[in-house]
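Colleague:
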Amino acid sequence: MDQVSASHTLCRREVVNALLADRSDLLVVSGLGSASYDVMAAGDHANNYYLWAAMGSAAMVGLGLARAKPNKSVLVVTGDGEMLMGFGALASISLQQPPNLTIAVLDNGHYGETGMQVSHAGFGICLDQVASTCGFGWTDEIRNMNGVHRLRELVVSRDHGVKLAAIKVKAENLPRVLPPRDGVYIKNRFRAALGHQTI
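Taking numbering that gives the first Met the number 0, the leading residue of the sequence shown gets 0, the next gets one more, and so forth.
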């Protein structure tokens with residue numbers, strides 16, 4: 000076990016299950032790979048927008064959705080590798096400050112989809128501090144389930160502005176629970192759930 004893995008103890012599936020418990024009409028955007036598998040494992044839902052082959056874009060999709068649907072709470076679930084690739088998104092999101100947007104980064108300190116190489120986060124880049132420096136209203140590094148439950152409460156809160164948490168999860172290869180892979184189907188199902196015509 001490397002030094003990064005020893006300091007990351009939360010189970011990613013338990014974290015995502017807790018974040019999506021009693022979700023009501025919460026809109027969820029899931030990042031590439033494991034984040035989408037974890038969201039799917041917590042239960043498929045018409046309000047889930049799974050991203051396939053769109054690494055680095057989950058946070059920006061969440062931003063667009065939060066601005067288009069200001070009366071809905073939007074949760075982005077993504078990994079540290081994807082968030083590192085989309086670093087510039089943090090600055091853009093901060094300038095917009097949508098209070099209904101929360102980004103939950105499942106930070107295992109590794110690039111899980113390409114062979115578990117240690118990521119920049121694993122070498123010490125603190126994504127919550129980057130978001131704070133950019134001007135996010137609330138950020139935190141979460142290492143226990145009490146912090147996860149607190150984050151779940153904040154997801155529906157508009158009092159803190161745009162929010163980001165780096166959640167320190169174990170680097171583990173869990174069984175893949177694959178969401179639908181048909182992008183048109185996912186898009187149309189999501190639009191229908193929001194009351195829009197399918198196109």
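Even for Gly, the Cβ is constructed at its ideal location relative to N, Cα and C.
#1: I166 by DSSP, collapsed to three states: which one?
#2: Hey, would you say Y48 sits closer than 9 Å to L177, going by beta carbons?
#3: Starting from D199, follow the beta strand (DSSP E) in both directions and report where the run begins and ends.
#4: On the three-state DSSP scale, how would you describe Q196?
#5: Spell out a yes or no on whether the region 53-62 and the region 14-25 are touching, meaning 3 or more CB-CB pairs, one atom from each, closer than 8 Å.
#6: Is the region 95-108 touching the region 55-73 in the sense that three or more CB pairs, one from each, lie closer than 8 Å?
#7: So, helix, strand or coil for P79, using DSSP?
#8: Of all the options I102, G61, G134, which has the alpha carbon lying nearest to the alpha carbon of A90?
#9: Which residues in the same chain have their Cβ closer than 7 Å to the Cβ of V153, if we skip the five residues on either side of it in sequence?
#10: Could you tell me which uninterrupted alpha helix (DSSP H) segments, each at least 4 residues in length, are contained entirely in the region 20-89, listed from first to last along the chain?
Modeller: Reading off the structure:
#1: DSSP places I166 in strand when its eight states are reduced to three.
#2: no
#3: Here the chain covers residues 0 to 198 and nothing more, so residue 199 does not appear.
#4: coil
#5: Cβ pair count under 8 Å is below three, so no.
#6: yes
#7: Per the sequence shown, residue 79 should be read as Asp rather than Pro. The answer is helix: DSSP assigns D79 an H, G or I state.
#8: G134
#9: First, the amino acid is wrong: residue 153 is Leu here, not Val. The answer, listed in chain order, is T101, W137, H159, K162.
#10: 33-40, 57-67, 79-84
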